[in-house]
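Asks: This is the structure I have questions about; it appears just below.
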Amino acid sequence: MAVRDVRMRGFRKRASVDEALTTLASRAAELEAERVPVTEASGRVLAEDVAAAASVPHFRRAAMDGWAVVGESTFGASTYAPASLVLIGEARPGRPFAGALRRGEAVRITTGAPVPEGADAVLMAERAEEITRGDQTIVSVAEPVSPGKHVGAIGEDVPAGTIVAKRGRKLRPQDVGLLASVGAGLVPVVRRPRVRIVITGDELLAPGSMPEGSCIVDSNSVVLRALVARDGGALSPTVRAADRYELVREAIGDGDEDVVLVSGGSSVGPEDHAPLALAEIGEVTVHGVAMRPSSPAGFGFVPGKDRPRPVFLLPGNPVSCLCAYEFFAGPTIRAFGGLPRAWPHPRGKGRLAAKLVSELGRVDYVRVKYDGARVTPIMTSGASILSSTTRADGVVLVPAGSEGHDEGEEVEVFLYD
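Heads up: the sequence shown begins at 209 in this note's numbering, then just goes up one per residue.
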């Protein structure tokens with residue numbers, strides 16, 4: 209759309225949050241698949257079902273320490289009349305007994321070792337003892353063991369061909385462990401979206417600097433990098449652009465990342481160049497949203513190799529930047545990577561300790577304290593007060609169709625932790 213220059217003029221109209229989210233959802237399809245080593249697949253989203261290439265276990269294995277035996281040869285054994293078996297060898301994990309076992313014989317075995325050919329049971333170590341008689345070692349059995357006892361069958365855990373992980377699953381550590389155990393080497397996962405962060409502003413010093421003079425330290429890039437990592441994005445180096453139109457335009461248009469986040473330069477000041485720069489090289493889809501904070505937020509698209517690439521205009525005030533990311537950029541990055549668009553925060557419910565006032569048609573992002581039952585709004589709530597988010601336990605979202613919530617009303621809290 210043609211973008212109106214709002215610098216020193218203000219917004220005539222703001223899009224609703226729902227309109228903005230609907231537009232983004234329609235243009236944020238899952239990225240293509242790639243294959244990564246199973247050792248690097250934890251936290252990634254499966255792009256295809258994965259079937260077991262091998263059974264687990266793929267051989268009969270001992271479930272106990274003891275002796276591999278023919279169960280029938282122990283029948284009738286007791287403390288008073290023990291059965292005697294001749295020890296002919298041993299089996300350990302990775303070092304199987306080479307040969308077959310017959311009735312009247314035993315092989316010392318440890319948990320996880322292959323059960324020798326001919327054996328059909330494992331006698332527990334507590335149920336017998338080894339005794340030396342001449343040049344033989346005898347296993348004296350005080351209790352019988354039935355065939356099949358303490359023997360893990362082939363495929364007992366996972367039969368070959370079984371689907372062990374389905375498409376769309378975010379792989380946990382135990383999931384990738386199972387994939388490794390069934391022979392998976394390369395795992396098909398959704399490609400992680402590559403994200404470039406552009407920080408604008410003449411007054412900003414790099415993180416790690418000491419504030420001095422009229423300059424302040426850039427905190428937005430630190431917050432955004434952590435949020436992108438949380439949402440599964442792959443980060444490119446942060447780009448810093450002074451408040452010059454051509455530099456902002458270059459920073460937005462350069463690169464081939466899937467998503468660009470622009471912090472600052474989106475409001476109505478004379479040096480807020482980002483919307484016009486985006487319009488010149490692509491399109492501005494939304495600029496100005498009916499929400500508090502983050503009303504100067506917006507987004508658009510620039511041409512990409514395979515698809516248009518979204519560019520998010522995030523206000524420079526730290527809380528506004530955080531809020532706009534959570535509403536618009538975060539869900540898009542997650543959707544590109546195959547994750548749910550929904551906010552990834554745990555939620556709780558409680559009753560308000562004070563009234564929350566809002567305006568019809570506007571979504572409010574209200575920072576609150578929460579003790580598990582009582583919800584207390586943070587009184588210092590300016591968009592530049594980043595410390596308000598560290599004092600807060602989470603936020604309450606007041607929808608556009610509400611004028612707020614009364615004291616004592618139950619509300620839902622999106623928890624930061």
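From the three backbone atoms N, C-alpha and C, an ideal C-beta is built for every residue, glycine too. Given the structure is predicted, the values throughout are model-derived calculations rather than measurements.
Just the Cα atoms here: how many angstroms apart are residue 392 and residue 244?
Replies: For the pair residue 392 and residue 244, the Cα-to-Cα distance works out to about 10 Å.
Asks: Please specify which runs of the alpha helix (DSSP H), each continuous and at least 4 residues long, are wholly inside the region 472 to 517, giving them in chain order.
Replies: 482 to 489
Asks: What did DSSP end up calling residue 280 once you bin it into helix, strand or coil?
Replies: Judged by DSSP in its simplified three-state form, residue 280 adopts helix.
Asks: Just verifying my parser: in three-state terms, what is the DSSP assignment at residue 533?
Replies: helix
Asks: Would you identify the three-state DSSP class for residue 310, choosing helix, strand or coil?
Replies: coil
Asks: With distances taken from CA atoms, which of 365, 494 and 330 is nearest residue 358?
Replies: Nearest C-alpha to residue 358 among 365, 494 and 330: 330.
Asks: Thinking C-beta only, is residue 519 closer than 8 Å to residue 576?
Replies: Residue 576 places its beta carbon 8 Å or farther from that of residue 519.
Asks: Below 8 Å between beta carbons: does that hold for residue 374 and residue 480?
Replies: no
Asks: Per the contact definition of three or more C-beta pairs closer than 8 Å, is the region 273 to 282 in contact with the region 395 to 406?
Replies: no
Asks: Applying the criterion that 16 or more other CB atoms from any shown protein chain within 10 Å of the CB defines a buried residue, is residue 167 buried or exposed?
Replies: A question about residue 167 goes unanswered here, because the residues of the chain that appear run from 209 up to 625.
Asks: Flag this pair as yes or no: are the beta carbons of residue 372 and residue 386 separated by less than 8 Å?
Replies: yes
Asks: Quick test of your reading: residue 601 and residue 624, contact by CB under 8 Å. State the CB separation rounded to the nearest angstrom.
Replies: Between residue 601 and residue 624 a beta carbon distance of about 6 Å is seen, short of the 8 Å cut, so the two are scored as contacting.
Asks: Leaving aside the five residues before and after residue 539 along the sequence, list all residues of the same chain whose C-beta is less than 6 Å from its C-beta, in chain order.
Replies: 549
Asks: Have a look at the DSSP bridge pairing and note the partners of residue 292.
Replies: 348
Asks: Which residues in the same chain as residue 335 place their Cβ atom closer than 8 Å to its Cβ, once the five residues preceding and following it in sequence are excluded?
Replies: Non-local beta-carbon contacts of residue 335 in its own chain, meaning distances under 8 Å to residues more than five positions away in sequence, involve 274, 349, 350, 351 and 353 in chain order.
Asks: Could you tell me which residues DSSP puts in a beta bridge with residue 387?
Replies: BP columns for residue 387 are empty, so no partner.
Asks: To which residues does DSSP link residue 467 through a beta bridge?
Replies: 403
Asks: Under the three-state reduction of DSSP, which class applies to residue 381: helix, strand or coil?
Replies: helix
Asks: For residue 572, which of helix, strand or coil comes out of DSSP?
Replies: strand
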